[in-house]
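Some notes on the structure that comes next.
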Amino acid sequence: MLVMTTVIIVRLAEVQLLEGEQYRNRAASLLTWSELLPTIRGEILDRTGKILATDLACYDFCLDYRMLKGPGTTKDDQNSYRRWSLRQIRKIARSEGVSKARAKELFHERLELTWELSASLTGATRNEMVHAAENTVRRIEAWKRYVGMPVREETQPQPIITGLDEETAVRLRSHLDEMVGATVQPSHRRWYPYGKAACHIIGYLGEVTQAETRGRNGSRSLESDLTCYLPGDLIGRGGIERLCEKILRGRRGYRCLRRTGEIIEEIPPIVGRNVHLTLDIELQRKVSDLLDKPGVIIVLDVPTNEVLAMVSSPEFDLNKFQHLYIDLITDQARLPLLNRAIAGRYPPGSTVKPIIALAGLSEGIITAETQFYCKGYLHNPNAFRCWIWKYHTGHGWLDVVGGLEHSCNVFFYNVGERLGVSREVKWFTKFGFADKPGTDLSEERPGVVPDLRRRYSIGQSRHLAIGQGKIVITPMHIVNAIAAIARGGVLMSPVLVRELANRQKHINLGISPDAIRLVKEGMYKVINSSSGTAYKYAHVDDIEICGKTGTAQTPPRRIRIDSDDDGQPDRWGPIVCSGDTAWLVGFAPYRKPKIAFVIMVEYSDTGGGPRCGPIAQRLVRICKDFGYLQ
Amino acid sequence: MMNLKEIFRTMPRYLRGISWPMITAMIALIIIGITAISVAEQAARSNSIVQGSTFKQSIYAVLGIAAFITAVVVPYRRIGQSSYILFGINLSLLILVLFLPPIRNSHRWINLRIFKVQPSELIKITYVVALAWYLRYRDSYRKVRGLILPFILTIIPAALILVEPDLGTTLLLFPTLFFMLFMAGAKVRHLAGVIMVAAIVTLWPIPLEISGKQDALTKDRKALAYWSGRIGSKEYALLAGSLRIMKPHQLARIVGWIKQSDRRIAMSKGFQLQVSMFILGSGGLKGEKMTRQKNIYFRMLPDEHTDFIYTIIGGQWGFVGCLAVLFIYMVIFFCGAEIAGTTDDPFGRLLVLGMLGLLFSQVFINLGMTMGLMPITGMTLPLISYGGSSMVVNCIALGLMINVAQRRPRLLGRKPFEYGQTRPTDIAALGPLFYWSERQREGTKNDPCRECTTSNLSNDAD
Chain A
162 MLVMTTVIIV RLAEVQLLEG EQYRNRAASL LTWSELLPTI RGEILDRTGK
212 ILATDLACYD FCLDYRMLKG PGTTKDDQNS YRRWSLRQIR KIARSEGVSK
262 ARAKELFHER LELTWELSAS LTGATRNEMV HAAENTVRRI EAWKRYVGMP
312 VREETQPQPI ITGLDEETAV RLRSHLDEMV GATVQPSHRR WYPYGKAACH
362 IIGYLGEVTQ AETRGRNGSR SLESDLTCYL PGDLIGRGGI ERLCEKILRG
412 RRGYRCLRRT GEIIEEIPPI VGRNVHLTLD IELQRKVSDL LDKPGVIIVL
462 DVPTNEVLAM VSSPEFDLNK FQHLYIDLIT DQARLPLLNR AIAGRYPPGS
512 TVKPIIALAG LSEGIITAET QFYCKGYLHN PNAFRCWIWK YHTGHGWLDV
562 VGGLEHSCNV FFYNVGERLG VSREVKWFTK FGFADKPGTD LSEERPGVVP
612 DLRRRYSIGQ SRHLAIGQGK IVITPMHIVN AIAAIARGGV LMSPVLVREL
662 ANRQKHINLG ISPDAIRLVK EGMYKVINSS SGTAYKYAHV DDIEICGKTG
712 TAQTPPRRIR IDSDDDGQPD RWGPIVCSGD TAWLVGFAPY RKPKIAFVIM
762 VEYSDTGGGP RCGPIAQRLV RICKDFGYLQ
Chain B
9 MMNLKEIFRT MPRYLRGISW PMITAMIALI IIGITAISVA EQAARSNSIV
59 QGSTFKQSIY AVLGIAAFIT AVVVPYRRIG QSSYILFGIN LSLLILVLFL
109 PPIRNSHRWI NLRIFKVQPS ELIKITYVVA LAWYLRYRDS YRKVRGLILP
159 FILTIIPAAL ILVEPDLGTT LLLFPTLFFM LFMAGAKVRH LAGVIMVAAI
209 VTLWPIPLEI SGKQDALTKD RKALAYWSGR IGSKEYALLA GSLRIMKPHQ
259 LARIVGWIKQ SDRRIAMSKG FQLQVSMFIL GSGGLKGEKM TRQKNIYFRM
309 LPDEHTDFIY TIIGGQWGFV GCLAVLFIYM VIFFCGAEIA GTTDDPFGRL
359 LVLGMLGLLF SQVFINLGMT MGLMPITGMT LPLISYGGSS MVVNCIALGL
409 MINVAQRRPR LLGRKPFEYG QTRPTDIAAL GPLFYWSERQ REGTKNDPCR
459 ECTTSNLSND AD
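Protein chains in written order, with this note's numbering: chain A, 162 to 791; chain B, 9 to 470.
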């Protein structure tokens, strides 16, 4: 008796006095929930403040987590699934007024029907839904493992089909009583008001990969929890969304609340900062209408080198990106996902002639008075011909201005021959052709110039001088170089994001004003002299446009075939596109350059002048209408 | 008028014999119980079954006191004479209850429309009375063979209650039996032997093939097994015999109790115990009055107003409150012990000791389970927990003790038990107080003044 009393008292003292604090704390910690609040991504705005991408209110179709997970394998899972299904069956029995057995049948019917009905009402495929469900389960299980105890999400509906509009939501809601475990909840999604316009620049979001979520395993502070990516989070996968991920993302919020609902601690989410682009979205839309074939138009603001428009055709609708993705990625003929402006590499053809001319003038190979005679070919009619040989005999004596005006190959063969490959490459490199174009977008690819560690023949130096041979560059490279010439020899990297403008590089190339003047004059005459290569096509009476056409012979595009199904293309298939790359690069106005532009149409059947000239006319008119020439 | 005069004449004698501290303690416990239930009621949700239980408990308390007075007034010898009949009636009620429709999945209650009777609660009283009546003038239980009948007397109701099922009450009968036998003077080695045999039987390892099965039962068994592993291609577990026949929910409770330190198990299988510990722990020294946080825990605790009322007391009034309740129980115990020590009637003495055994088995099992010293079985805390049957039965138990107290000789020498061969040193086990009181009495034995006032009155001469 006394022994037992003593035991009881000792135990009481142990529980209440010694370990009391510990129990109290554990009790307190179990009574609180902590939940993470979703991030709100910043907006992407154009230079006039129009919204290009924003988080928009929408509806999500949600299914109960236990339904997504199914009966599971562990005992706890099975129990929670059984409890949930029993509750659903009871609910059905009550609402329909049927027996338990019938309700159970109905439950199983509806379980199957839920997937079908929701798929047919929203237009989502079953496969997408299953994929979303798997991801959700993975995410929540990871979160559960991390927390180490049951989490709230386990008993909550989880979004399966996201971004539904009001109409679909209403339609779904009217069918909810034919489903089990389904709800429609308000949510937000990324919305791109301009759809197709600037799709390549804005980029798109995708779910994080496991590697990207791995970062948080190291430190487990609250701060790292809020900033890290959890499975299922969206991350920028291309374009500005990816480039400015850090700016746009913001930080997740945190809320710690009691079971009774009162909030103990709350760290509100930090909304991601907005990103201001230098693009003018209206200009971009107008400009993109000018292209009817795959091609590129870039408009740069010469004084600041801001990108005013950067169109890569064909475009796709960002709002339907998820659904279109498979079509987009498999279209090998048109390559719609390729941002041609900065990632499509083409032989520049005659558009590099102004640079070669500058190189020749600066290196002292030629002067303003130097003339070469064009008889239609250099030495032999079978090799190194001028383009005019097809129609005519030759250009005759030409100085550097005439060489540019007529785009005479023979003149530049002579210059190139005297420059040699190494000095040509030096000048190409000076104009940034060997580097990336400089917009910092992740898609950017560097141009390819000959590797100087190898030896090259004189023929190769001649070809290089007319932009053929071992040189491919992106349209952004060439327009940037032309903008540098228009600026008087200062190379600046193009700016796409105002927030990142401080990264811009200014390089004075140290070219004499006389050389610049001669090249500009040559380019002026291309469009404004009646004998210029683009006079017929691009001349505008009231605007003095300077330009340079180019028609580059280009290897045809072939489909790549994966013959052994290992996921890696290993063989070239049939040709899908062939033709020349038609170029027209230039700047306007002549005397006080405001804009630099490039128009490129790939696999064109005609030359740069006839193909791109009319586009240039309209482009410059549009720019004038928008006031970018003042 | 004559009658009234007679009553007035005998009244002081009655009242003098009454153990007032015990009655005070009883009323104090009832009041504490009602207060604690009202705390639980305040914390409970509006739709909970706890609602309205304070009021009902007050009514039960009144009923209990009525039953108490009845138990005091009717002479206990009279009850003893009819004890076998009462026991028989109660056994037949226990059998009857098995054929009645089950209420809440067990055949525990007889529904009499106004209230429900629980024969298994009543059997506590009738069993103790019958056993005391049986043991009263015997010494057969000094031999092993003589123990057989008392055990049969216990096993019959125990088996009937076990099938109801009501494991708590079943388990209660055995400590009571042992306590009574021990106090009556059965040999310790016999009782220890019985306990040893029972322990060996229940803990005897039995091999069990568990390969392939992955259900909860197998997992619990594996968790409690002495050893588990593979022999050849099959998986075996060496299991205590009693665990083999236990139902899954009982097994889960035992797992929850033994593996308290494992947080995952504590929060699932041992959840009730865990919540109990949370509340007790957050009570601290002086208790923490109904904070919002604890309020929720009170809600989360199942059976908060019945089996886990002590947890509520510990949470609300802390260590001090718990000690106070324990102290009040001690008062009852020592008063009871004093009654048992001073009565000269072996039946009365055994009756009191049986009731004490009954009460304190309940107290210790209940307290033990609220603080994780024992696995959770359905056991109420006498006089405090909510519940009519429990209240009435415990009041009757106390009433019978007082009944014995009234009818004991007011002053007497220590009388040996009827067998009278040896001085029952076993009583010494009851503690130093007994030694002290005995020595006192031995001292007074030779006092002539005391001697002459000693009247060997036994009050049942009415």
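Ideal Cβ positions, reconstructed from N, Cα and C, are used throughout, including at glycine. All of these numbers come straight from a predicted model, not from anything done at the bench.
{"Query": "Closer than 8 Å is the cut-off here; do at least three beta carbon pairs connect the segment 245–260 of chain B with the segment 210–220 of chain B?", "Result": "yes"}
{"Query": "Which term fits isoleucine 627/A, buried or exposed, when burial requires 16 or more other beta carbons within 10 angstroms of its beta carbon?", "Result": "buried"}
{"Query": "At the level of alpha carbons, what is the spacing between cysteine 569/A and valine 576/A?", "Result": "11 Å"}
{"Query": "Taking all protein chains shown into account, decide if leucine 23/B is buried (16 or more other Cβ within 10 angstroms of its Cβ) or exposed.", "Result": "exposed"}
{"Query": "Can you list, in chain order, the residues of its chain whose CB lies under 6 Å from that of asparagine 402/B, leaving out five sequence neighbours each side?", "Result": "Pro390 and Leu391"}
{"Query": "Given a threshold of 16 other Cβ atoms within 10 Å of its Cβ, counted over all protein chains shown, does aspartate 470/B qualify as buried or as exposed?", "Result": "At aspartate 470/B the pLDDT is 37, less than 50, meaning the model places this residue with poor confidence; the figure from the coordinates comes in the next sentence. Flag for aspartate 470/B reads exposed."}
{"Query": "Quick one: residues in its chain with C-beta nearer than 6 Å to the C-beta of isoleucine 783/A, no 5 flanking neighbours on either side, listed in chain order?", "Result": "Lys447"}
{"Query": "From valine 333/B to phenylalanine 316/B, what does the alpha carbon distance come to, in whole angstroms?", "Result": "14 Å"}
{"Query": "Taking the straight line between their C-alpha atoms, what separation do you get for glutamate 295/A and proline 750/A?", "Result": "58 Å"}
{"Query": "Taking the straight line between their C-alpha atoms, what separation do you get for arginine 86/B and methionine 363/B?", "Result": "17 Å"}
{"Query": "For arginine 187/A, go through chain B and note every residue whose CB falls closer than 7 Å to its CB, in chain order.", "Result": "Phe286"}
{"Query": "Which partner residues of asparagine 138/A appear in the DSSP bridge assignment?", "Result": "Absent from the structure is residue 138/A, since the part of chain A shown begins at 162 and ends at 791."}
{"Query": "Can you give the beta carbon distance from valine 609/A to isoleucine 632/A, rounded, assuming they're within the 8 Å contact cut?", "Result": "7 Å"}
{"Query": "Can you find a CB in chain A that lies within less than 8 Å of the CB of glycine 362/B?", "Result": "no"}
{"Query": "Name the two residues that bound the continuous beta strand (DSSP E) containing glycine 364/A.", "Result": "Careful: glycine 364/A lies outside any beta strand (DSSP E) and carries neither H nor E."}
{"Query": "Can you tell me whether DSSP reads proline 347/A as helix, strand or coil?", "Result": "strand"}
{"Query": "If we cut at 8 Å on Cβ distances, does glutamate 180/A have a partner in chain B?", "Result": "yes"}
{"Query": "For a cutoff of 8 Å on Cβ pairs, would you count serine 393/B as touching chain A?", "Result": "no"}
{"Query": "At a Cβ threshold of 8 Å, is arginine 172/A touching chain B?", "Result": "yes"}
{"Query": "Tell me the rounded alpha-carbon separation between leucine 103/A and glutamate 423/A.", "Result": "Within the shown structure, residues of chain A are numbered from 162 to 791, placing residue 103/A beyond reach of any answer."}
{"Query": "I'd like the list of long-range same chain contacts for alanine 322/B, defined as Cβ closer than 6 Å, with 5 residues on each side in sequence excluded.", "Result": "Going by the sequence as given, residue 322/B is glycine instead of alanine. Leu288, Gly291 and Cys330, listed in sequence order."}
{"Query": "Hey, quick one: how far does the alpha helix (DSSP H) through isoleucine 212/A stretch, first residue to last?", "Result": "Element bounds for isoleucine 212/A: not the alpha helix (DSSP H) but the beta strand (DSSP E), 212–225."}
{"Query": "Starting from glycine 249/B, trace the alpha helix (DSSP H) both ways and give me its first and last residue.", "Result": "249–253"}
{"Query": "Identify the residues that DSSP records as bridge partners of glycine 397/A: which are they?", "Result": "Leu366/A"}
{"Query": "Reducing DSSP to helix, strand and coil, say where leucine 155/B ends up.", "Result": "helix"}
{"Query": "Would you say leucine 293/B faces chain A, with C-beta separation under 8 Å as the test?", "Result": "yes"}
{"Query": "Classify alanine 200/B as buried or exposed, calling it buried when 16 or more other Cβ atoms lie within 10 Å of its own Cβ.", "Result": "exposed"}
{"Query": "Under the three-state reduction of DSSP, which class applies to glutamine 791/A: helix, strand or coil?", "Result": "coil"}
{"Query": "DSSP has glycine 456/A in a bridge; who is on the other side?", "Result": "Ser474/A and Val762/A"}
{"Query": "Quick check on this structure: which residue in Thr200/A, Tyr242/A and Ile516/A has the alpha carbon closest to the alpha carbon of glycine 231/A?", "Result": "Tyr242/A"}
{"Query": "If I follow the unbroken beta strand (DSSP E) through aspartate 741/A, where does it start and stop?", "Result": "741–749"}
{"Query": "Rounding to the nearest angstrom, what Cα-Cα distance links aspartate 450/A and aspartate 225/A in this structure?", "Result": "46 Å"}
{"Query": "From the beta carbon of glycine 326/B, is the nearest beta carbon of chain A less than 8 Å away?", "Result": "yes"}
{"Query": "Strictly below 7 Å CB to CB, what residues from chain A border methionine 30/B?", "Result": "Ordered by position in chain A, no residue passes the 7 Å Cβ test against methionine 30/B, which lies about 16 Å from the chain."}
{"Query": "Shorter than 8 Å from the beta carbon of glycine 322/B to some beta carbon of chain A?", "Result": "yes"}
{"Query": "For the beta strand (DSSP E) that contains phenylalanine 182/B, what are its first and last residues?", "Result": "Note, phenylalanine 182/B: premise wrong, no beta strand (DSSP E); alpha helix (DSSP H) at 175–192."}
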